[in-house]
Amino acid sequence: MFREITLGQYYPADSPIHRLDPRVKLAGTLIYIIALFVAKGLVCYLFAFLFLVAVVRLSTVPASFLLRGLKGVLILLLFSVSFNLFLTKGTVLVALGPLKITLEGVKMAFYMALRLVLLITGSTIMTLTTTPNDLTNGMEKGLGFLKVIKVPVHEIAMMMSIALRFIPILVEETDKIMKAQMARGADFENGKLLQRVKSLVPILVPLFISAFRRASDLALAMEARCYHGGEGRTRMKPLRYHSADGYAYLTLFAFLGLMIVLRKLAPVWV
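If you want it as structure tokens, here you go:
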């Protein structure tokens, strides 16, 4: 399951999405998330899905690679769907003792699951098409105006970039620990759900030790290279907007505008 996580990984390719300025991709991800929360009704979500499909096709990232990454958040999806399915009041469809499935709960669970899938996939596309260094530069440049009120933009961008870079490393480390324990007789596949969850607890101790060791090594390496923050630092490849970035911004704002219009028309269609 841990090997299926694709968030934080980079998929090298030469596509129109890969060539976009990282600031455009960060803004585009934020606009897409806002649009998903603006969405109301099946027509809105269908439009958001088609927009995401178009972006995936332009990025040349295999759809199977993205779908495989959803397996890592399957438990989150199940929890979200279950809470909405059983705890939403309304017209009762099925009664299972104290638990009741309502028509409103089914609709809420469906839209919640759809929103989470689209949100996770949209965010994953950003990390798959942008290197960690470009993400750091894009965040620092895009949020540079916050320096006026003494917000440590460079440090925040650096921390988020390191966190994203460490996701695939920790996933690989978890896989190694699991294989080592399975070779010693540990069983992570069989038994009831509670037993399987308990069997994962021994993985956490060596994983945390490894994570702290890597963090310490990284801090020592940065100190050895005289890293003292972003003040006065220059870029070998400074970020500059191109015409394609302008068209991308126009497309994104047009998409958000259409989503708002579709939301207003949703009560008529749904």
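Those letters in the sequence shown? Residues 4 to 273, per our numbering, in order. In this text, a Cβ means the ideal position worked out from N, Cα and C, and glycines have one as well. Computed from a prediction, not measured in an experiment: that's the story for all the values here.
Return the residue from the list the options that minimises the CA-CA distance to residue i.
| i | options | result |
| --- | --- | --- |
| L49 | S18, T134, L121, L207 | L121 |
| M239 | Y250, E175, N140, L221 | N140 |
| Y252 | G31, S62, A16 | G31 |
| T124 | H231, L146, A66 | A66 |
| S126 | A224, K267, I36, A257 | I36 |
| T134 | I206, D17, G260 | D17 |
| G249 | Y13, L23, Q12 | L23 |
| V204 | R266, I180, P25, P101 | I180 |
| P264 | R26, P25, K43, L33 | The amino acid at residue 264 is misidentified as Pro; the sequence shows Val. When each option's Cα is compared against that of V264, the closest is K43. |
| E143 | P15, R26, M262 | R26 |
| T105 | A116, L90, L61, L117 | L90 |
| R243 | L131, L81, G145, V41 | G145 |
| F211 | R228, L221, L173 | L173 |
| N87 | E176, F113, F215 | F113 |
| E176 | A160, I206, M185 | I206 |
| S202 | M185, R216, L99, A214 | M185 |
| W92 | F82, E107, A98 | Per the sequence shown, residue 92 should be read as Lys rather than Trp. Measuring from the Cα of K92, the nearest candidate turns out to be E107. |
| K110 | L221, L96, P101 | L96 |
| R217 | V59, Q12, I165, H231 | I165 |
| P15 | V208, S246, T63, L81 | T63 |
| L80 | K103, V56, M115 | M115 |
Using the beta-carbon count (16 or more within 10 Å), is residue i buried or exposed?
| i | result |
| --- | --- |
| K28 | buried |
| F54 | buried |
| I20 | buried |
| I128 | buried |
| S85 | exposed |
| T94 | exposed |
| E158 | exposed |
| G260 | exposed |
| M162 | exposed |
| L131 | buried |
| V271 | Only weak support is given to the placement of V271: the predicted model assigns it a pLDDT of 46, under 50, and the value that follows is read from those uncertain coordinates. The residue in question, V271, is exposed, as its Cβ has fewer than 16 Cβ neighbours within 10 Å. |
| C1 | Nothing about residue 1 can be reported from this structure: the residues present for the chain run from 4 to 273 only. |
Closest Cβ-Cβ distance between residue i and chain B: below 8 Å?
| i | result |
| --- | --- |
| L207 | Among the chains in the structure shown there is no chain B, since it carries only a single protein chain. |
Measuring from the CB of residue i, is there a heavy atom of the ligand SAM at a distance below 7 Å?
| i | result |
| --- | --- |
| A116 | Among the components of this structure there are no ligands whatsoever, and the ligand SAM is therefore not found. |
Checklist line | Every unbroken beta strand (DSSP E) within the stretch 143 to 218, with a cutoff of 3 residues, ordered by chain | finding: none
Check: Which runs of the alpha helix (DSSP H) spanning at least 4 residues fall entirely within the stretch 67 to 139, listed in chain order?
Finding: 77 to 90, 106 to 131
Next item on the list: Could you tell me which uninterrupted alpha helix (DSSP H) segments, each at least 4 residues in length, are contained entirely in the stretch 22 to 71, listed from first to last along the chain?
Entry: 25 to 41, 45 to 62
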